[in-house]
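S.K.: I am attaching a structure below and will ask some questions about it afterwards.
Protein chains in written order, with the UniProt record's numbering: chain A, 14 to 379; chain B, 14 to 379.
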C-alpha cells in the first residue's frame with residue numbers, strides 16, 4: 014500500500030462537505046483503496062467481474078452433504094443460462110459473470126447446456142481464456158481450465174498433487190490478469206462445488222490453528238448428526254496430513270479444493286495488478302488465507318464482501334484483519350455476498366471523486 | 014401486508030436453485046415486499062428517488078452543535094449542485110435526488126445557487142411540486158414547500174403549531190404520491206438540518222419511553238461537555254412538554270422538526286401507495302416512529318436501510334421491529350445509508366423475478 018496516496022486520501026476526506034469521520038468504515042476503505050492503487054482518488058472499481066470457480070470434491074464420498082455431486086455441473090449450466098442467484102445479483106449490479114471449470118468432475122460438453130457455446134472456446138486445462146474481457150451486461154461466459162476432474166478424498170489421501178495445486182493457482186492468477194487487461198476495475202470471487210465447505214474448514218483450521226469444531230459449519234444446511242460427522246472428517250484430514258501453514262501450496266494440495274486454489278491465485282493476481290478483490294464467503298475466505306500465506310501484501314487488495322453464516326468465515330476474516338461490509342446471514346456462496354457488497358465499495362471510492370470540498374461548495378465549517 | 018402474496022413468495026423461494034434459507038434476511042425481505050405489493054414477485058423497487066427534507070431548528074440557540082445554522086441552506090445548495098455525499102451515492106446507485114425545503118430558516122433565492130433554477134418552479138408552502146417525476150440520472154431538483162422558516166426552540170416552547178406539523182406531514186405525503194405517480198418504485202428518505210439530532214432524540218424518547226441519555230448521541234461529532242448539555246436540553250424539553258405518544262401530531266409539534274414531520278408523511282405516503290420506503294438514519298427512524306404511531310400498518314412498507322452510529326437509531330429500530338441492512342458506522346444523514354442499502358433491496362426482489370427453479374434448470378435437489 015502506497016503511504017503517500019493513503020495520506021492524500023485521508024487529507025482529502027477532511028476537506029469534503031461532511032463531518033469528519035461520518036462515513037465510518039467507508040472512509041477507511043477509500044483510504045486503503047487509494048493506497049492499493051497508489052493514487053488519490055483511486056480509480057472507480059468498475060466494471061466489475063465475478064468469477065465463479067467450480068470444482069468437485071472426493072470427500073463428498075464421506076457423506077458430508079446431502080446434495081448429489083452432479084449438482085455442481087448442473088449449477089455450472091445454470092450460471093451459464095443466467096438462472097442462479099449470482100446472475101440475478103450481478104444483473105442488478107451491472108457486473109459480468111465468468112464461470113471457470115477448474116475442477117468439475119463431469120466433463121462439460123461443447124454444445125450443451127445453453128451458454129457453453131458462447132464461452133471461451135476450447136482452452137485447455139491451465140489456460141484461462143486469454144480472450145476474456147470485462148463487459149458488464151454480457152452473457153455469462155465459460156472458461157475451460159479443468160486441472161483435474163475433482164479432488165481425491167482428503168480424509169484418506171491428499172486432495173491433489175502439488176503440481177495440480179500450482180496449476181489451479183495459476184488458473185486464477187491468469188484469469189485475474191486477463192480480466193484486468195480487458196478493463197475490469199474490480200474482481201469479485203465466486204465459487205461452486207458441492208462439498209466445498211469441508212476443504213474450506215480444513216484450510217481455515219490449517220492456516221489459523223483453530224479447532225475443526227470451531228470452523229466447520231452446516232454448509233447448505235445439514236442436520237446435527239451430519240455436522241458432527243463433518244467435523245470428524247475435517248479432524249481426521251488434519252491429523253492425517255498435518256498441514257504446515259508455512260507451506261501454503263502443500264496445505265492446498267493436502268486439504269484444499271481446486272476452486273479454493275484457483276481463488277487463492279485469483280486474489281494474488283488481482284493484488285499483483287493493484288485491483289481490489291471482493292471476497293465472498295467462507296470458500297473465498299479460506300482461499301484468501303492461502304493467498305496471504307503466499308504473499309502477505311495481498312491482504313491490501315482484499316475487501317471482505319460479507320460475513321458468511323459459516324463459522325469458519327469469521328475466524329478467517331479475523332485472522333486476515335478484515336471487517337465485512339455486509340452481514341445478512343447469507344450462506345449461499347456463488348459470489349452472492351460479494352456482489353451485494355460491490356456498490357458499497359464503489360460508493361466509498363466515488364466519494365473521493367465526486368464530493369465537493371467546504372471551500373468549493375461555500376459551506377461553513379464548525 | 015397481503016398474506017397470500019407472502020405465502021406465494023415463501024413457496025417460490027423454496028423452488029429456486031439455492032439451498033432453502035441460504036439468502037438469510039434477504040428472503041424475509043423479499044417475502045415482505047411481496048406482501049406489501051400484494052403480488053409475487055413484487056415489482057422491482059426502481060427507479061428510486063431519495064428525497065432530502067431540509068429544515069432548521071430553534072434549539073440550535075442552545076448550543077447543541079458547533080456547526081453554524083447557515084450550513085443547512087449551504088448544504089441545500091450543495092445538494093442541488095450535486096456536490097454532497099448523497100449525490101455521489103445516488104449517482105452510483107442510479108437514484109434521483111429531490112431536495113425539499115420544508116423548513117429552512119434562510120429564504121432560498123430563485124436564481125441562486127446553481128440548480129435552483131431547474132427545480133420545480135415556485136410552488137408555494139405546502140404544495141409539493143406536482144410536476145415531480147422519478148427519472149434517475151437527472152439533475153437534483155428542488156421542491157419549495159417551506160412550512161415555516163425553522164422551528165422554535167423546543168426546550169422553551171413548542172417547536173411548531175399543530176397546524177404546521179400537519180402541513181409538514183402533508184408535504185411528505187404529497188411528495189411521496191407525486192413521486193410514485195411519476196414512476197418511482199422505491200422511496201428513500203434523506204434529511205438535512207443542523208441540530209436535527211436533538212429533536213430526533215426527543216421524538217425517540219417520547220415514542221419509545223427510553224431515557225434521554227440513552228437516545229441522545231453525538232450527531233456530527235460533539236465533545237463530552239456538549240453531549241452532556243444536549244442530553245440535558247432533551248430532558249428539559251420532555252419535562253416541559255410531556256409529549257403523549259398517543260397524540261403523534263402533538264409530539265411532532267412539541268419536540269419535532271419540520272423535516273421530521275415531513276419524513277413521517279413521506280413514509281405514510283409511500284405505505285399508502287404500497288411502495289417500499291428505505292429509512293436512512295436516526296432522523297428517519299424518529300420520523301418512522303411518528304408514522305407508525307399514526308398508522309401502525311405503515312411499518313410494513315419500511316425498510317431499515319442502515320444502523321446509524323447514533324444510539325437513538327438502534328432504540329427506534331428495535332421499537333419498530335426492523336433490522337438494518339447496512340451497519341458500517343455511518344453517521345452522516347442526507348439519505349446516505351439508505352441509498353447504500355437500495356441495491357440490496359433491489360437484489361432481494363430480483364431473486365424472485367430472475368432465478369430459475371430446480372425443475373426449470375434441471376438441478377437435482379438433496
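The C-beta atom is built at its ideal place from N, Cα and C for all residues, glycine as well. What you are looking at is a predicted structure, and each value in this text was computed from that prediction instead of being measured.
Does chain A have any CB closer than 8 Å to the CB of residue 363 of chain B?
M.R.: Residue numbering aside, residue 363 of chain B sits at position 350 when the second chain is read from its first letter. By this cut-off, residue 363 of chain B is an interface position.
S.K.: Tell me the DSSP bridge mates of residue 205 of chain A?
M.R.: Translated into positions along the first chain, residue 205 of chain A becomes position 192. The partner list for residue 205 of chain A (beta bridge, DSSP) reads A:67.
S.K.: Are three or more beta carbon pairs between the stretch 175-183 of chain A and the stretch 256-274 of chain A nearer than 8 Å?
M.R.: Short answer: they touch.
S.K.: Is DSSP giving residue 229 of chain B helix, strand or coil here?
M.R.: For the purposes of this step, residue 229 of chain B is taken as residue 216 along the second chain, with counting starting at 1. Note: residue 229 of chain B maps to coil in three-state DSSP.
S.K.: Short check: CB of residue 351 of chain A to CB of residue 291 of chain A, under 8 Å?
M.R.: The residue you call residue 351 of chain A lines up with position 338 of the first chain. The residue you call residue 291 of chain A lines up with position 278 of the first chain. Yes, Cβ-Cβ distance for residue 351 of chain A and residue 291 of chain A is below 8 Å.
S.K.: Taking all protein chains shown into account, decide if residue 255 of chain B is buried (16 or more other Cβ within 10 angstroms of its Cβ) or exposed.
M.R.: Here the question's residue 255 of chain B lines up with position 242 in the second chain. Looking at its Cβ environment, which holds fewer than 16 other Cβ atoms inside 10 Å, residue 255 of chain B is exposed.
S.K.: CB-CB under 7 Å to residue 305 of chain A, same chain, minus the five flanking residues each way: which ones, in chain order?
M.R.: Taking the first chain and counting its residues from 1, one reaches residue 305 of chain A at position 292. Same-chain partners within the cutoff: 311, 312, 333.
S.K.: I'd like to know whether the C-beta of residue 88 of chain A is nearer than 8 Å to at least one C-beta of chain B.
M.R.: Your numbering for residue 88 of chain A matches position 75 in the first chain. Yes - at least one Cβ of chain B is within 8 Å of the one on residue 88 of chain A.
S.K.: Consult DSSP for residue 197 of chain B and reduce its assignment to one of helix, strand or coil.
M.R.: Counting from 1 along the second chain, the entry for residue 197 of chain B is found at position 184. In this structure, residue 197 of chain B counts as coil in the three-state DSSP scheme.
S.K.: Give a yes or no on whether the minimum CB-CB distance between residue 217 of chain B and chain A is below 8 Å.
M.R.: Position 204 of the second chain, counted from the start, is the residue given in the question as residue 217 of chain B. For residue 217 of chain B, the answer is no, since every Cβ of chain A falls outside 8 Å of its Cβ.
S.K.: Residue range of the alpha helix (DSSP H) that residue 14 of chain A falls in?
M.R.: Counted from its first residue, the first chain places residue 14 of chain A at position 1. Residue 14 of chain A -> no alpha helix (DSSP H), and no H or E assigned at all.
S.K.: Roughly how many angstroms lie between the CA atoms of residue 35 of chain A and residue 208 of chain B, to the nearest whole one?
M.R.: Along the first chain, one-based indexing puts residue 35 of chain A at 22. Along the second chain, one-based indexing puts residue 208 of chain B at 195. Looking at the two C-alpha atoms, the distance is approximately 15 Å.
S.K.: Short check: CB of residue 231 of chain B to CB of residue 37 of chain A, under 8 Å?
M.R.: To locate residue 231 of chain B, count along the second chain from 1; it is residue 218. To locate residue 37 of chain A, count along the first chain from 1; it is residue 24. Cβ atoms of residue 231 of chain B and residue 37 of chain A: not closer than 8 Å.
S.K.: List the residues of chain A whose Cβ lies closer than 7 Å to the Cβ of residue 34 of chain B, in chain order.
M.R.: Counted from its first residue, the second chain places residue 34 of chain B at position 21. Within chain A, the residues near residue 34 of chain B are 234.
S.K.: Output, in chain order, the set of chain B residues within a Cβ distance shorter than 8 Å of residue 384 of chain A.
M.R.: Outside the modelled stretch of chain A, which goes from 14 to 379, sits residue 384 of chain A, for which no answer is possible.
S.K.: Residue 30 of chain B touches chain A at which residues, Cβ-Cβ below 8 Å?
M.R.: Here residue 30 of chain B refers to the residue found at position 17 of the second chain. Simply 88, 91, 96, 97, 98.
S.K.: According to DSSP, is residue 352 of chain A helix, strand or coil?
M.R.: Indexing the first chain from 1 puts residue 352 of chain A at position 339. Helix.
S.K.: How many whole angstroms separate the CB atoms of residue 300 of chain B and residue 356 of chain A, which I take to be in contact at a CB cut-off of 8 Å?
M.R.: Locating residue 300 of chain B in the second chain gives position 287, where the first residue counts as 1. Locating residue 356 of chain A in the first chain gives position 343, where the first residue counts as 1. Contact doesn't hold; Cβ gap of about 25 Å is too wide.
S.K.: Along chain B, which residues have their Cβ under 7 Å away from the Cβ of residue 84 of chain A?
M.R.: Stepping through the first chain from its first residue, residue 84 of chain A is reached at position 71. The contacting residues are 376, 377.
S.K.: Between which residues of its own chain and residue 324 of chain B is the CB-CB distance below 8 Å, once the five residues before and five after are set aside?
M.R.: Taking the second chain and counting its residues from 1, the one referred to as residue 324 of chain B is at position 311. Closer than 8 Å at the Cβ level, and outside the excluded window around residue 324 of chain B, lie 227, 228, 229, 230.
S.K.: Out of B:46, B:63, B:328, B:93, point me to the one whose CA is closest to residue 287 of chain B's CA.
M.R.: As a working mapping, residue 287 of chain B is identified with position 274 in the second chain. Closest by alpha carbon: B:46.
S.K.: Which residues in the same chain as residue 97 of chain B place their Cβ atom closer than 8 Å to its Cβ, once the five residues preceding and following it in sequence are excluded?
M.R.: Residue numbering aside, residue 97 of chain B sits at position 84 when the second chain is read from its first letter. Taken in chain order, the residues that qualify are 88, 91, 347.
S.K.: So with Cβ pairs under 8 Å, would you call residue 143 of chain B a contact of chain A?
M.R.: For the purposes of this step, residue 143 of chain B is identified with residue 130 of the second chain, where counting begins at 1. With a pLDDT of only 34 at residue 143 of chain B, under 50, the local geometry of the prediction cannot be trusted, and the value read off the model is given with reservation. No, its Cβ sits nowhere closer than 8 Å to a Cβ of chain A.
S.K.: Evaluate contact between the stretch 15-28 of chain B and the stretch 52-67 of chain A, counting only Cβ atoms and requiring at least three cross-stretch pairs below 8 Å.
M.R.: In short, these stretches do not touch, since the Cβ pair count stays below three.
S.K.: For residue 215 of chain B, which three-state DSSP category applies?
M.R.: Within the second chain, residue 215 of chain B is the residue found at index 202, counting from 1. Note: residue 215 of chain B maps to helix in three-state DSSP.
S.K.: Using a Cβ cut-off of 8 Å, which residues of the stretch 295-307 of chain A contact any Cβ in chain D, in chain order?
M.R.: Absent from the structure is chain D; the protein chains it does hold are A and B.
S.K.: Classify residue 114 of chain B as helix, strand or coil using the three-state DSSP reduction.
M.R.: On the second chain, residue 114 of chain B is found 101 positions in, with the first residue counted as 1. Strand.
S.K.: Beta-carbon within less than 8 Å of residue 366 of chain A's beta-carbon, same chain only, minus the 5 sequence neighbours each way: which residues are those?
M.R.: On the first chain, residue 366 of chain A is found 353 positions in, with the first residue counted as 1. Only 54, 57 meet the Cβ criterion.
S.K.: With H, G and I counted as helix, E and B as strand and the rest as coil, what does DSSP make of residue 235 of chain A?
M.R.: As a working note, residue 235 of chain A is residue 222 in the first chain. In the structure shown, residue 235 of chain A sits in coil (DSSP, three-state: anything other than H, G, I, E or B).
S.K.: Helix or strand or just coil, what does DSSP make of residue 265 of chain A?
M.R.: In the first chain, counting from the first residue as 1, residue 265 of chain A sits at position 252. Residue 265 of chain A falls in the helix class under three-state DSSP.
S.K.: For the stretch 108-120 of chain A against the stretch 155-164 of chain A, do three or more pairs of beta-carbon atoms, one drawn from each stretch, fall closer than 8 Å, so that the two count as touching?
M.R.: The answer is yes - the stretch 155-164 of chain A touches the stretch 108-120 of chain A, with three or more Cβ pairs under 8 Å.
S.K.: Looking at residue 72 of chain B: is its Cβ nearer than 8 Å to the Cβ of residue 167 of chain B?
M.R.: Looking up residue 72 of chain B in the second chain gives position 59. Looking up residue 167 of chain B in the second chain gives position 154. The answer is yes: Cβ separation under 8 Å.
S.K.: Identify each residue in the stretch 344-361 of chain A for which the Cβ-Cβ distance to at least one residue of chain B is less than 7 Å, and report them in chain order.
M.R.: Listed by position along the chain: 344, 345, 353, 356, 357, 359, 360.
S.K.: Specify, as a first and last residue, the run of the alpha helix (DSSP H) that residue 329 of chain B falls within.
M.R.: Counting from one through the second chain, the residue named residue 329 of chain B turns up at place 316. That run of the alpha helix (DSSP H) goes 324-333.
S.K.: Hey, could you find the ends of the alpha helix (DSSP H) residue 8 of chain B is sitting in?
M.R.: Any question about residue 8 of chain B goes unanswered here, given that chain B covers just 14 to 379.
S.K.: For residue 360 of chain B and residue 249 of chain B, I'd like the C-alpha separation in whole angstroms.
M.R.: Here the question's residue 360 of chain B lines up with position 347 in the second chain. Here the question's residue 249 of chain B lines up with position 236 in the second chain. Those two C-alpha atoms are separated by around 45 Å.
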